[in-house]
Amino acid sequence: DDENISIDYLMQIIQELPDQYRLVFNLYVLDGYSHKEVAETLKITTGTTKSNLARARMILKEKIENYSQIKTKQATK
2 DDENISIDYL MQIIQELPDQ YRLVFNLYVL DGYSHKEVAE TLKITTGTTK
52 SNLARARMIL KEKIENYSQI KTKQATK
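Those letters in the sequence shown? Residues 2 to 78, by the working numbering.
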């Protein structure tokens, strides 16, 4: 299905995140750490982990939406 993004593309855009966002995203989302555990691991505050996670998700959402729009345009040509 062309509308679904591939795992490879998803992993690529996660790797393209700025370090501070990618580290929090990976620990929280992929590894299942709590915000407290992420904060302790990275030696930052839990507020910073929440902020960085929100920014990471926003960046990923924008990239996925852009990818979907490009795919839709290609499909209609």
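Beta carbons are placed, not taken as given, at the ideal position from N, Cα and C, and that holds for glycine. Predicted, not measured: the structure shown is a model, and the values here were computed from it.
Element boundaries [alpha helix (DSSP H), containing residue i]
i    : result
G48  : 47-77
D121 : This structure gives no information on residue 121, because the portion of the chain shown stretches from 2 to 78.
V30  : No alpha helix (DSSP H) contains V30, which DSSP labels as neither H nor E.
Under 8 Å between C-beta atoms of residue i and residue j
i   : j   : result
L54 : F26 : yes
L28 : Y34 : yes
S50 : V39 : The sequence shown places Thr at residue 50, not Ser. Result yes, Cβ atoms of T50 and V39 sit closer than 8 Å.
I14 : L61 : yes
L18 : A57 : yes
Residue i - DSSP class collapsed to helix/strand/coil
i   : result
K44 : coil
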